[in-house]
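The numbering used here numbers the first residue of the sequence shown as 309 and each following residue consecutively. A quick write-up on the structure given underneath.
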Amino acid sequence: MSQIIEPEAGCKDSLTALSSVAGLDLEPQPLDSEEAQKFQKKLDETTLLLRELQEVQNERLSAKPPPNIICLLAPSAKELLLAEKVTGNLKELASRVSPGDLASLYGIRKAMGISLPAGLQEDGLIDLTTAAAESVGVCAGGQEEVPVI
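See the structure below:
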């Protein structure tokens, strides 16, 4: 399974158009390290597994439904195995990167139930990843200094 999955033609054209309009360099960069190549190989394997899982699920779900809704077809052993492999691959890939690479800091905090102090929420979202956020800030009331969270 050493093939690299190329984006579909429509996706690649959209990506090129987006990068030219936005002035961004969104073309895939060559893999420099052995670790990056292993990561890409795992991503490619997961892509193939997802496509196979989609085919198996489409096959099961496109079958004529039974007359009794209680007797719906359960996932097949192959479908469960594919889903387990996909889950394992995604778990392994996610363990290699920081949480901020997978989701925004705001999204992570929201999922954890962590909210910003009331004075900071009125100002809108704050990019907490910048160097300025490491310094001490002043609350909206301007009464005391607190570290920016």
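Just so it is clear, CB atoms sit at the ideal spot from N, CA and C, and this is done for glycine as well.
{"Asked": "Entirely enclosed beta strand (DSSP E) segments - the segment 344 to 375, minimum 3 residues", "Found": "none"}
{"Asked": "Beta-carbon proximity check, Glu387 vs Gln365, cutoff 8 Å", "Found": "yes"}
{"Asked": "Collapsed DSSP secondary structure at Arg404 in the structure displayed", "Found": "coil"}
{"Asked": "Any 3 or more C-beta pairs closer than 8 Å across the segment 344 to 351 and the segment 396 to 410", "Found": "yes"}
{"Asked": "Cα-Cα separation between Leu357 and Pro374, rounded to whole angstroms", "Found": "28 Å"}
{"Asked": "Residue closest to Glu392, alpha-carbon to alpha-carbon, out of Glu343, Met420, Thr354, Ile378", "Found": "Thr354"}
{"Asked": "Backbone secondary structure at Ile422 - three-state DSSP", "Found": "coil"}
{"Asked": "Assigned exposure category for Leu390 - 16 Cβ within 10 Å defines buried", "Found": "buried"}
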